[in-house]
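Chemist: Numbering that gives the first Met the number 0 numbers the first residue of the sequence shown as 0 and each following residue consecutively. For every residue, glycine included, the Cβ atom is placed at its ideal position computed from N, Cα and C. Note that the structure is a prediction, hence the values are computed from the model and not measured.
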Amino acid sequence: MAIRNLGSGVPVDQVLKDLESFRSHDVRWRDGRCFTLAYSISPEVLSLAEEAYRRYSGENALNTSAFPSLRRMQQDVVDIVSGWVNGDDSTAGFMTSGGTESLVLVVRAAQKRAEREGRNLSRMNMVLPTSAHAALEKGADYFGVESRRIPVTSDWRADVVAMRAAIDDETILVVGSAPSYPQGVIDPIAEIAALADERNINCHVDACMGGVTLPFLAQLGESITPWDFRCVGVTSISVDLHKYGYTSKGAGVLLHRDKTLRNDQTFITDNWLGGMYGSSGILGTKSGGPIASAWAVMHHLGNNGYLAATQSARTSAIAIANHIENNPQLRLRAFPDSTLLSFGVTDENRHDVFALADALIAKGWYMDKQGPPASIHLTVNASHAPMVGAFLNDLDEALLSLGGHKGSDGAYATTE
Ligand SMILES: *Cc1c(COP(=O)(O)O)cnc(C)c1O
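(1) Spatial neighbours of P178 within its chain, please: CB distance less than 7 Å, with the 5 preceding and 5 following residues excluded, ordered by chain position.
(2) Quick check on D140: does DSSP put it in helix, strand or coil?
(3) I'd like to know whether the C-beta atoms of G98 and G251 end up nearer to each other than 8 Å.
(4) N59 bridges to which residues according to DSSP?
(5) Need the endpoints of the beta strand (DSSP E) that A91 sits in, please.
(6) Would you tell me roughly how many angstroms separate the C-alpha atoms of A412 and K368, rounded to the nearest one?
(7) Report all residues from its chain with a CB closer than 6 Å to the CB of S292; omit the five preceding and five following residues, and keep chain order.
(8) S130 and S101: beta carbons closer than 8 Å?
(9) Does the beta carbon of G97 fall short of 7 Å from some heavy atom of ligand 3?
(10) Which of the three DSSP states, helix, strand or coil, is assigned to N4?
(11) Quick check: the Cα distance between V353 and D239, rounded to an integer number of angstroms?
(12) Helix, strand or coil, according to DSSP, for D17 in the structure here?
(13) For ligand 1, I want to know if A134 counts as a neighbour, meaning its beta carbon is within less than 7 Å of at least one of the ligand's heavy atoms.
(14) Where are the alpha helix (DSSP H) runs, 4 residues long or more, that stay fully inside the region 137-208, in chain order?
(15) Using a threshold of 7 Å, is the CB atom of C202 nearer than that to any non-hydrogen atom of ligand 1?
(16) For F34 and M366, I'd like the C-alpha separation in whole angstroms.
(17) Terminal residues of the continuous beta strand (DSSP E) containing V106?
(18) Consult DSSP for Q369 and reduce its assignment to one of helix, strand or coil.
(19) Could you check how far apart the C-beta atoms of G283 and T265 are, in whole angstroms? I think they sit under 8 Å.
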C-alpha cells in the first residue's frame, strides 16, 4: 500500500463538512427508526450529552488524582447507580467503557478471587445460561476459563436446576441477566445467586440493559421480582449508561458488593521502569468525555426524566409485543420483562423472518437479526413512541408482501 501523505492539511470547515457527509448511509437512530445500537430521548438531551463530552474529551481518567473533577463525577455516577440497584454503604465500583469491559473484568475478577482464596484450580469454569451476553465468552477466551453454557428453559429463562448440576469444584462464577439481551426476560436471579452463596463463588448479574429501566419500572408500580443486591449471593452487577441512561457511548458501571471484591477487578504493577501503574479497568488512558456526559445527563434528567423515559419505552415495547402476539403468523419469543423483545414466524416454510427484517430495513428501519432461533430483535427506547404506529404498519405490509416467499442470505447481524 502506498504511504499516505496528508499534504498541507484541510481547512476546518471542509473537514467538518466531510464528517457530516460520511453519515448519509448510517442508520437513522435519532429519528426513532433504529431498534438497536443507539438510544435517544430528545435532541436537547443528546446535545447536552455531546457538549459535556466535548468539554472533557481531553481529560484523562487514568489518573483521577490529576483530575479531581473526573474522580468526583465518577464517584457521583457510581453512587447513583448503586442506589438504583439497592447497594449499601459497602457497595463499591468504577465506571467502565461499557458492558463488554464490565463483563470481561467480571471473568477476571472471579479468577482472581479464586487465586486470592488459595483455591488451586487447574482449569476454572463459569456456568451460565445460553442467553447470557457474548462478551462473557470474550472474557473466558482472554483468560482461559471454560464456558459452560446451559440451555434456557421453555420460557427462555436460566435453568437453575441444570446450572446447579453443571457446577463443580472448579467453578468460579455463575451469571444471570436482568434482562437477557436475546429474549428480554429476567433470569431467576435469587436462585442463581443462592447457588453461588452455597459455594462461596461469584455471582454476576448482567443488568447492562435493565439496570436503569427496572428500578424505574418498579417506581412506576410494576412488580418485578428482586434481581439486584437484595438477592443474597449476588457479588457484582453491571449497568450500562450508554444504553438506557441515554448518555454518550463509552459509559458503564461495574459494582461489587464490597471493596475486597472490587480489588479483584483492579490491576497494579511496578514491574517496569516507569513506576507504580494502576488502573481500574482494561483501558489505560481513558477519556473524561463519557464520565462528564453521564454525569451531566443523569443530573439533567433526574428521577422524573428517567421515569418518563422508562414509561415511554415500556409503553412502546408493550404495544409492539401485543401487536405481534395478535398476529398468528408471527411468534413472540417471550413477553418482555422490560423493553427488549424478539419474534420469529409461525410457519418457517411460508415466511422467512430474515427476509422480513430485510424488507423492514429497506423501508428505512433498522434492527438486529439473531438466532438461534431465527428472530428479529428489537431494543425499544424513548425515541420510538412517535414511531410505533408507522413501524407496525410497515411490519404488517412487509409481511403481506413476503407471503410464501423465501429469500434471504440468513446472515446474522452483529448484535449488541
Ligand atoms: C449491550 C450488552 C452488553 C455489552 O455491552 P457493550 O456496551 O455493547 O459493550 C452486555 N450485556 C447485555 C445484556 C447487553 O445488552
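Modeler: So, from the data block:
(1) Around P178: V184, I185, M208, G209, D336, S337 and L339.
(2) helix
(3) yes
(4) S286
(5) A91 to T95
(6) With a pLDDT of only 43 at A412, under 50, the local geometry of the prediction cannot be trusted, and no value is derived from it.
(7) A48, A51, Y52, T246 and S247
(8) no
(9) With respect to small molecules bound, the structure shown includes ligand 1 and not ligand 3.
(10) coil
(11) Here residue 353 turns out to be Phe, not Val, going by the sequence shown. So the two alpha carbons sit approximately 28 Å from each other.
(12) helix
(13) Look at A134: its beta carbon is less than 7 Å from one of the heavy atoms in ligand 1.
(14) 159-165 and 188-198
(15) no
(16) 5 Å
(17) No beta strand (DSSP E) contains V106, which is instead part of the alpha helix (DSSP H) from G98 to R115.
(18) strand
(19) Not quite, the Cβ-Cβ distance comes to about 13 Å (not below 8 Å), so this is no contact.
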